[in-house]
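Residue numbers (mature numbering (1 follows the signal peptide of the UniProt record, and there is no 0)): -19 to -1, 1 to 505. Remarks on the structure that follows.
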Ligand SMILES: *[C@@H]1O[C@H](CO)[C@@H](O)[C@H](O)[C@H]1NC(C)=O
Ligand SMILES: *[C@@H]1O[C@H](CO)[C@@H](O)[C@H](O)[C@H]1NC(C)=O
């Protein structure tokens, strides 16, 4: 009996496994598949990657749901299909791309959860704007949590073009429809041209009240789609960051507490709507994110505002009570520009000891924005293995400019980006950027190998001063002449070591960016 059960179970598992709706693709089947299907989401993954494993069940679920809409989900194992993955510029895992045929490829920018994938791909499958009639409009309004419908006259080409442009820009985020049926506009109580945003929460809909102009409609979409007091989580985080409005976080550990605090602060959220978005966040699951806002991570409930555009943090005193009155004053002061941002910084080093300049948040501007110099900055994390491997080379590099008397033109510097707030968006460690003399607003991110020679070339080619130093690698090598045979062997092992280094570099780089993602809560 027991055996039979085990057998039956095994069979069931096998059946489930073979019934996957995710298509496994190889270099032989890939282009045929994307040619044969109008819309394909492809995942490029590695079996060892933790985020890929976490995505797998969500991806399966989304594939099954999307099957009926004829949207295909596929996956490619990059440890088996290295060339294929490389040809699509895959650098980290998982990478998700949307294919409309083999040549029309776009990065997937939604969250990695089944409902988010379904919603995102459904939007991709529709024209940027769906033309609606009295027969289709009701159904359309309920297709997503947020949909926008424009009402304009059939001959109003200008409004049509304006609206379509907004829709094309924001199609990944919202569903857009439009109708030229005057009766529908009348039923809705709007005068044409107008836009109505329908939502499955709060007051159910918002009407656009300004002049019919692209930028204003875009702002309206981003503002009106945000719930009065929403919830920050993996599905919503990117939307909050993209909205361009400061975000007020209400951290609390239990759902009951989040509800109570939402009720308490609802009036404030209404008052500051459009200027500050309010959202609760589960402090049990995402408490570490409090650290990113310079709040203590072991004391909840707590409150902080983040200026998402400039990435500045305004933590509310954790000893203070969270009441409508006290928070009301804090938010009003923030809106008036009377709250100083909190900046996490190590102390400024008393003396710069080595050739590599140590940057902390407090001396960042002095060093990085020194307009006279080309400044190469390494953003590192103490736990990052590749940063440790780079350190001795980076020291040598910095020494070369000092020895050549070029340190008045070129600064080689580094910053522990986990201990200092930096204005830059850092995706992984190490990240190396060059801030050119005379142009500090467009730093060039380094993407070459982490060798001294290549870094020298980078500083020369991309720096304003075109400063160049020479590096004699030979000087570093043992002076003993190896015999011919040994020399050959040495070359061989060097080659394979180099190969290995690249491979580890790749996998560790993606692991590091995964770790970075977790650290910076991109994964939220
Ligand atoms: C907007 O213009 C397009 C292209 O001319 C047309 O197909 C569509 O029906 C127009 N939309 C409305 C609501 O009239
Ligand atoms: C200079 O920067 C550009 C743009 O990022 C890059 O393509 C190029 O490879 C850089 N030069 C060197 C020598 O790294």
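Virtual Cβ for every residue (Gly too), placed ideally from N, Cα, C.
Selection from the options that minimises the alpha carbon distance to residue i
| i | options | result |
| --- | --- | --- |
| residue 265 | 292, 276, 256, 236 | 236 |
| residue 522 | 34, 188, 278 | A question about residue 522 goes unanswered here, because the residues of the chain that appear run from -19 up to 505. |
| residue 593 | 104, 20, 102, 162 | The displayed coordinates of the chain run from -19 to 505. Any statement about residue 593 would go beyond what the structure contains. |
| residue 110 | 126, 79, 2, 132 | 132 |
| residue 193 | 186, 175, 181 | 175 |
| residue 398 | 439, 339, 443, 415 | 339 |
| residue 218 | 128, 326, 154, 165 | 154 |
| residue 10 | 295, 148, 65 | 65 |
| residue 430 | 374, 390, 332 | 374 |
| residue 406 | 424, 393, 417 | 424 |
| residue 2 | 49, 230, 12 | 49 |
| residue -1 | 39, 44, 30, 271 | 44 |
| residue 376 | 126, 337, 450, 289 | 337 |
| residue 534 | 324, 233, 288 | Residue numbering for the chain in the displayed model covers -19 to 505; residue 534 lies beyond these limits and cannot be assessed. |
| residue 269 | 247, 232, 260 | 232 |
| residue 57 | 40, 85, 47 | 40 |
| residue 222 | 449, 258, 191 | 258 |
Contact test: residue i Cβ vs ligand 1 heavy atom, cutoff 8 angstroms
| i | result |
| --- | --- |
| residue 139 | no |
| residue 99 | no |
| residue 133 | yes |
| residue 160 | yes |
| residue 257 | no |
| residue 110 | yes |
| residue 145 | yes |
Residues of its chain near residue i, where Cβ-Cβ distance is below 8 angstroms and the 5 sequence neighbours each way are ignored
| i | result |
| --- | --- |
| residue 419 | 352, 445 |
| residue 171 | 132, 177, 188 |
| residue 256 | 226, 227, 316 |
| residue 186 | 177, 178, 179, 180 |
| residue 282 | 231, 232, 233, 234, 238, 242, 264, 303 |
Where residue i falls, given that 16 or more other Cβ within 10 Å makes a residue buried
| i | result |
| --- | --- |
| residue 359 | buried |
| residue 409 | buried |
| residue 291 | exposed |
| residue 90 | exposed |
| residue 68 | exposed |
| residue 417 | buried |
| residue 350 | exposed |
| residue 201 | buried |
| residue 495 | In this predicted model, residue 495 has a pLDDT of only 38, less than 50, meaning its place in the structure is not dependable; the value taken from the coordinates is given anyway. Under this definition residue 495 is a buried residue. |
| residue 87 | exposed |
| residue 5 | exposed |
| residue 354 | buried |
| residue 252 | exposed |
| residue 379 | buried |
Cutoff 7 angstroms; reference residue i; Cβ partners in own chain excluding five residues on either side
| i | result |
| --- | --- |
| residue 411 | 359, 360, 361, 365, 367, 368, 371 |
| residue 329 | 341, 343, 344 |
| residue 388 | 382 |
| residue 301 | 307 |
| residue 481 | Residue placement at residue 481 cannot be trusted, given a pLDDT of 29 that sits under 50; what the coordinates show is reported in the next sentence. So no residue of the chain qualifies. |
| residue 103 | 50 |
| residue 363 | 397, 399 |
Distance cut-off 8 angstroms: residue i Cβ against heavy atoms of ligand 2
| i | result |
| --- | --- |
| residue 566 | Not covered by the structure: residue 566. The range shown for the chain is -19 to 505. |
| residue 451 | no |
| residue 427 | yes |
| residue 438 | yes |
| residue 435 | yes |
| residue 442 | yes |
Close beta carbons around residue i, own chain, < 6 angstroms, minus the five adjacent residues each side
| i | result |
| --- | --- |
| residue 286 | 227, 229, 295, 315 |
| residue 209 | 183, 250 |
| residue 27 | 59, 60, 74 |
My parser needs the beta strand (DSSP E) runs of 3 or more residues fully inside the segment 342 to 393; what are they?
355 to 361
Enumerate, from N- to C-terminal direction, the unbroken alpha helix (DSSP H) stretches of 4 or more residues contained entirely within the segment 223 to 271.
236 to 252, 264 to 267
Quick one: which unbroken beta strand (DSSP E) runs of 3-plus residues sit fully inside the segment 392 to 454? Chain order, please.
412 to 417, 420 to 426
Which residue spans inside the segment 269 to 331 form an unbroken alpha helix (DSSP H) run of at least 4?
269 to 273, 305 to 316
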